[in-house]
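At position 200 of the sequence shown the residue is numbered 200 (UniProt numbering), and the sequence of numbers has no breaks. By construction, the Cβ of each residue, glycine as well, lies at the ideal position given by its N, Cα and C atoms. Read through the structure below, which is laid out as structure tokens, and then see the notes.
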Amino acid sequence: MNVFSHPEFDNHEQLSFFCDPESGLKAIVAVHNTSRGPALGGCRMFPYATDEEALRDVLRLSRGMTYKSALANLDLGGGKSVIIGDPRKHKTEALMEAMGRSLEKLGGQYIAAEDSGTSVADLKVMGRHTRHIAGIAARTGFDGKPSNGDPSPATAYGTFIGLKAAVRHRLGRDDLRGLKVAIQGVGNVGFRLARHLKEAGAELWVYDIHADNMQRAVDELGATPASATDILLLPVDVIAPCAMGAVLNDTSIPQIRASLVAGAANNLLEQPHHDALLKERGILYAPDFAINAGGIIDVFYERTGATPETVRAHVETIGDTLTEIFRRSDQSGLPTGAIANQLAEERFHKHTAGAGLAPQRLARAG
Ligand code: NAD
């Protein structure tokens, strides 16, 4: 397995492999860039078929966090971790505790939050052994409702705001009534996004590999169930991939019938050139790391402190950021992902090491 010469390595600052045979923990922590501050990013648990698959995922996700936090104007660097295993079968307290001990060894260079396959409860178990976790503090959320620290509501709201900005730009409308949206993955983020859309009057199609999750969207939101093969290819206005990455690829893009892609999943483009392919096909792509920044914004403020109004206002800047990206893309002819990358790079290359918040300022007290 190549590391330094891995195609996704992209000058990562640090890569750590952790193994705890007693609990079965096998995890990789990737720290991409800390020029704006400590690397904060989710801890994903997924049954990767191979170590290579896990490495590729963590490298791509970690780099994405550097870009996401810079684009959202947060004093944070980019990092991510993956635990190899099926969260429905292999998750135990011992495993989460072992992950917590592993994170502690990194001394705050990386701070873990929830991601696909991990929950607030899991993070709290890790927190028995480390302060370097986030997304766990009970407080009043950005929406004025009680929050247990889970960033998913803010991610879903930011994605909804971003989707509306994309609809306004491409379809010239603010009213979402009758808008047809297909959502792939109705978990923590996808289901909440579906609820926002339903409340705004949109018509929904959903697919989830877990039948119970899909049924909840059908029962509670009146969504129409779709199949695994159809969900991103339906004749709808918007597709919102909210499950796994790399779903925009050579196979799917030529068959997509929607004119907009606006979903929360990370690393939606399988390869960089898929950005241009979407533009060539006239499909407006809301770059994943711009539209799904609500969660990292929320977690950032959990650690620094802010009123719910401040957090909400910052999450809502996602709409302005996307509008700026779409405008620049129209003017330059460059695809939206490339524009978003440029904007983010301007922001994190400008920062010199140490200019962001020090890890100890962000580390949870106690
Ligand atoms: P989740 O695990 O709660 O939900 C994911 C859902 O997708 C689950 O219901 C799962 O069954 C389903 N799924 C998995 N593979 C699928 C497939 N091939 N087809 C259809 N459904 C599938 O995770 P989440 O927190 O909702 O995150 C969803 C995505 O958004 C992930 O890519 C995550 O990295 C990204 N994201 C999440 C947050 C957050 O705050 N939770 C923030 C930014 C980005």
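Query                                                                                                                                                                                        : Result
Below 8 Å on the Cβ atoms is my contact criterion, and I expect residue 74 with residue 296 to pass it. Report the Cβ-Cβ distance as a whole number of Å.                                    : 7 Å
Could you compute how far the alpha carbon of residue 154 sits from the alpha carbon of residue 49?                                                                                          : 31 Å
Throw me the rounded Cβ distance for the residue 317 and residue 290 pair, which I believe falls under 8 Å.                                                                                  : About 10 Å; that fails the 8 Å criterion.
So, is residue 114 buried or exposed, given that buried needs 16 or more other C-beta atoms within 10 angstroms?                                                                             : buried
With burial defined as no fewer than 16 other Cβ atoms inside 10 Å of the residue's Cβ, what is the status of residue 178: buried or exposed?                                                : exposed
Measuring CB atoms only, is the segment 297 to 306 touching the segment 118 to 138, in the sense that at least three cross pairs come out at less than 8 Å?                                  : yes
Do the CB positions of residue 79 and residue 41 come within less than 7 Å of each other?                                                                                                    : yes
Could you check where the beta strand (DSSP E) with residue 32 kicks off and where it finishes?                                                                                              : 25 to 33
Which of helix, strand or coil does DSSP assign to residue 89?                                                                                                                               : coil
What does the Cβ neighbour count give for residue 387, buried or exposed, with the cut at 16 atoms within 10 Å?                                                                              : Limits of the chain in this structure are 1 at one end and 366 at the other, which puts residue 387 out of reach.
Among all the DSSP beta bridges, which residues are the ones paired with residue 114?                                                                                                        : 43
So, for residue 71: in the same chain, excluding its five sequence neighbours on each side, which residues have a beta-carbon less than 8 Å away from its beta-carbon?                       : 289, 290, 293, 321, 340, 343, 344 and 347
Please say whether residue 202 and residue 369 have beta carbons closer to each other than 7 Å?                                                                                              : With the chain running from 1 to 366 in the structure shown, residue 369 is simply not present.
Are residue 268 and residue 252 touching if we call contact CB-CB under 7 Å?                                                                                                                 : no
Short of 7 Å in beta carbon distance, which residues of its chain neighbour residue 144, apart from the five on each side in sequence? Order them along the chain.                           : 308
Could you give the first and the last residue of the continuous alpha helix (DSSP H) run that contains residue 163?                                                                          : 152 to 171
Helix, strand or coil: how does DSSP classify residue 182 here?                                                                                                                              : strand
With a threshold of 6 Å (Cβ to nearest heavy atom), would residue 189 be considered close to ligand 3?                                                                                       : The model depicted lacks ligand 3 and carries ligand 1 instead.
Considering only residues of the same chain and omitting the five flanking positions on each side of residue 323, which have a CB-CB separation below 6 Å?                                   : 165
Assuming residue 326 and residue 336 make a contact with CB atoms under 8 Å, what is their CB distance in whole Å?                                                                           : 6 Å
Taking just the CA atoms, how far does residue 286 sit from residue 193?                                                                                                                     : 15 Å
Give every residue of the same chain whose Cβ lies closer than 6 Å to the Cβ of residue 216, excluding the five residues on either side of it in the sequence, and list them in chain order. : none
Determine the DSSP secondary structure at residue 68, reduced to helix, strand or coil.                                                                                                      : helix
Residues in the same chain with beta-carbon distance under 7 Å from residue 47, minus the five sequence neighbours each way, listed in chain order, please.                                  : 85 and 86
In whole angstroms, what separates the C-alpha of residue 328 from that of residue 159?                                                                                                      : 20 Å
If you pair each beta-carbon of the segment 29 to 44 with each one of the segment 101 to 112, do three or more pairs fall below 8 Å?                                                         : yes
Assuming residue 14 contacts residue 31 (C-beta within less than 8 Å), just tell me the rounded distance between them.                                                                       : 4 Å
Tell me, to the nearest whole angstrom, how far the beta carbon of residue 189 is from that of residue 147; I am working on the premise that it is less than 8 Å.                            : About 15 Å separates the two Cβ atoms, so there is no contact after all.
Does ligand 1 have a heavy atom nearer than 6 Å to the CB of residue 243?                                                                                                                    : yes
Apart from the five residues just before and just after residue 105, which ones in its own chain have a Cβ nearer than 7 Å to its Cβ?                                                        : none
Looking at the unbroken alpha helix (DSSP H) that takes in residue 190, where does it start and where does it end?                                                                           : 188 to 199
Please report the straight-line C-alpha distance between residue 260 and residue 139, rounded to a whole angstrom.                                                                           : 35 Å
Residue 62 and residue 27: beta carbons closer than 7 Å?                                                                                                                                     : no
Answer with buried or exposed for residue 126, where buried requires no fewer than 16 other C-beta atoms within 10 angstroms of its C-beta.                                                  : buried
On the CB-based measure, 16 or more other CB atoms within 10 Å of its CB, does residue 102 come out buried or exposed?                                                                       : buried
Can you tell me where the beta strand (DSSP E) with residue 14 in it begins and where it stops?                                                                                              : 14 to 20
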